[in-house]
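A short worksheet on the structure shown next.
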Amino acid sequence: MIPLLCLIFISGLPGFRDICNSAPLPDSAVVVNADCITGDERFTAVSLFYSTDNQQSWTGLAMSRLGTPGYESTWYARFPLPDSGPVYYYLRAEVPAGAATLAPYNSANSWPPPLNLLALGNQDPTGDARSPEGNWLDLTGFWVGYSADRFYGLLTNNHNSWPLYSFPQPWYIYSVGFVNPEAPSDSFVFALCYADIPAVFTTGLYLINRYTGDFSRLAGIDAQTSGNRLYLRGLISDFTSHPKFGPWPNTSGYLAVAANTQSVYPIGGNYVRDTTLPANFYAGFTPGFTVGSNQTPSLSAPAVTPRSGAPVDSFLFSVRYQDPDNHLPVERVVVIDDVSWPLVPGSHRYQGGVIFRTWRSGFTEGWHRFFFRFSDGMATVSTSVDSFLVNLTGMDGSPTGPAGFIPAGYPRIFRHRLPVATSEPLKIYNSAGKCVRNLPAGSRSWDGTDDQGRLLPAGVYSLFTRGLRQERVVKVR
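For the sequence shown, numbering that gives the first Met the number 0 assigns the number 0 to the initial residue and increments by one for each residue that follows.
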């Protein structure tokens with residue numbers, strides 16, 4: 000007699016990655032972002048559940064998809080914070096094929112676990128069981144949870160109990176199965192089962208070949224019923240110690256789970272009566288933070304490329320943002336001539352550092368000032384003001400900028416002879432970014448006058464060479 004536990008785990012379920020939040024400012028609102036990967040966002044519903052009373056109760060919110068550059072698959076929500084204390088949250092995504100969910104953390108191994116320490120796997124329609132012997136085989140839903148050392152499952156049915164046997168037959172099996180997507184083979188399901196078939200199949204953790212129906216009992220588990228609820232739990236080590244389970248924690252972060260019921264006839268065969276839709280269960284991660292706790296983020300490698308160009312050119316502005324708490328930036332802009340422009344992230348893993356960029360164009364001729372400004376919701380950080388040059392020729396180089404924006408290092412001082420040798424034409428700009436003199440190719444000196452022959456005041460000037468595409472700063476005396 001072989002139980003055919005047809006726990007089918009399909010592709011196409013949603014998945015989460017890069018879950019993060021802004022810094023938790025007391026008596027304010029925190030922003031949560033999460034990348035949710037689905038086949039079609041039009042049929043995806045993402046929810047956030049948060050708790051400000053140490054997971055005793057949860058408030059649910061619908062999340063919205065940002066869909067902006069750099070956040071094409073990012074969903075967000077915001078919720079209010081108290082003035083202090085711990086806050087926890089978890090996420091759930093639903094598509095027609097199933098769901099993905101995080102779950103509360105059962106830190107004390109509460110048994111049986113209350114609903115506030117479990118997350119819904121999937122609801123199941125009433126009356127969809129296939130030729131059941133009774134409504135006890137008609138599942139109405141299943142929930143999942145975890146602690147430091149156990150996986151938890153809760154099944155509900157359309158009845159008030161969970162019979163194990165009907166005279167003279169059949170026997171019944173109720174189970175919730177787990178599949179590691181990174182297991183060496185997709186053939187095996189690890190199932191927490193509630194049953195009592197003498198000498199054949201009793202309550203425990205089973206390894207089941209979902210293609211052949213072969214099975215073996217791996218360990219005992221805890222099981223308890225209460226009305227239409229069936230609670231199950233097993234030691235995580237009993238799963239992970241078996242070589243067919245695969246690595247845990249794994250890189251994807253989840254286990255595929257589903258629940259089913261079946262009838263077993265010693266004479267007449269075995270029949271699956273009901274099966275829920277599957278869910279990707281992110282077991283082992285419940286996001287949380289302490290209100291008011293924050294480390295200041297940092298900015299590095301601010302840059303604009305090119306440093307000079309023509310009005311028709313596009314300029315790339317970039318900076319590296321890093322937050323030791325992995326807090327997302329609620330403000331992420333480059334400020335150019337007092338106008339703020341949003342920046343696009345290269346990823347959403349802020350703890351390791353992320354490059355933010357934007358391309359801007361349409362600048363008028365002359366010098367332009369810029370700096371980067373970020374905020375994680377509590378701390379605001381900025382870079383020093385820098386500058387770039389827009390000129391009619393669009394010559395590239397490394398200009399030092401107008402007065403007040405000269406970087407480390409001094410300009411070359413000369414009276415008449417230019418401190419650069421080139422056979423290319425030269426252009427000289429004043430500190431306001433205006434071209435004041437055009438020198439022919441091969442020029443070796445400059446008398447300090449503009450193109451109209453007027454003597455220019457002493458100061459810092461920018462010298463551009465078309466061929467070298469390199470700028471020098473010169474001082475006229």
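Note that the Cβ used here is the ideal one computed from N, Cα and C, for glycine as well.
Taking all protein chains in view, the Cβ of Ile207 is crowded by 16 or more other Cβ atoms within 10 Å, so the residue is classified as buried. Rounded to whole angstroms, the gap between the alpha carbons of Thr58 and Asp148 is 27 Å. Within a 10 Å sphere around the beta-carbon of Leu231 sit 16 or more other beta-carbons, which makes this residue buried. Pairing His347 with Val353 gives a Cβ-Cβ distance under 9 Å. In the DSSP annotation of this structure, the continuous segment of the beta strand (DSSP E) that includes Asp221 starts and ends at 221-225. Between Leu204 and Phe189, the CB-CB gap stays under 9 Å.
Counting C-beta pairs closer than 8 Å gives three or more between the region 357-373 and the region 309-318, which meets the contact rule. DSSP lists Val334 as the beta-bridge partner residues of Ser339. Per the coordinates, the alpha-carbon of Gly66 lies some 7 Å from the alpha-carbon of Thr73. Contact between Leu12 and Pro277 is confirmed by a C-beta separation of about 6 Å, below the 8 Å threshold. For Gly441, the three-state secondary structure derived from DSSP is coil. C-alpha of Leu217 to C-alpha of Asp237: approximately 7 Å in a straight line. Distances from the alpha-carbon of Asn20 to those of Ser422, Thr289, Pro341 put Thr289 closest.
Counting only runs of 3 or more residues that sit fully inside the region 66-146, the beta strand (DSSP E) segments are 73-79, 85-94, 97-100, 118-122, 138-145, in chain order. Taking C-beta atoms as the reference points, Thr239 and Ala257 fail to come closer than 9 Å. In this structure, the straight-line span from the alpha carbon of Glu93 to that of Ile220 is close to 30 Å. Setting aside the 5 residues that flank it on each side, Val380 is surrounded in the same chain by Thr295, Pro296, Ser297, Leu298, Phe373, each with a C-beta closer than 7 Å to its C-beta; the list follows chain order. Sixteen is the threshold: since fewer than 16 other Cβ atoms of the shown chains lie within 10 Å of the Cβ of Ser225, the residue is exposed.
Judged by DSSP secondary structure, Ile196 falls within the beta strand (DSSP E) whose first and last residues are 187-196. Following the DSSP letters along the chain, one finds Ile235 inside the alpha helix (DSSP H) bounded by residues 235-239.
Inter-residue distance for Ser442 and Cys434 is about 17 Å (C-alpha atoms, whole angstroms). Taking all protein chains shown into account, Thr37 has 16 or more neighbouring C-beta atoms within 10 Å of its C-beta and is therefore buried.
For Ile207, the pairing in a beta bridge is given by DSSP as Val188, Phe214.
Judged by DSSP in its simplified three-state form, Gln261 adopts strand.
In this chain, the beta strand (DSSP E) harbouring Gln321 covers 313-321.
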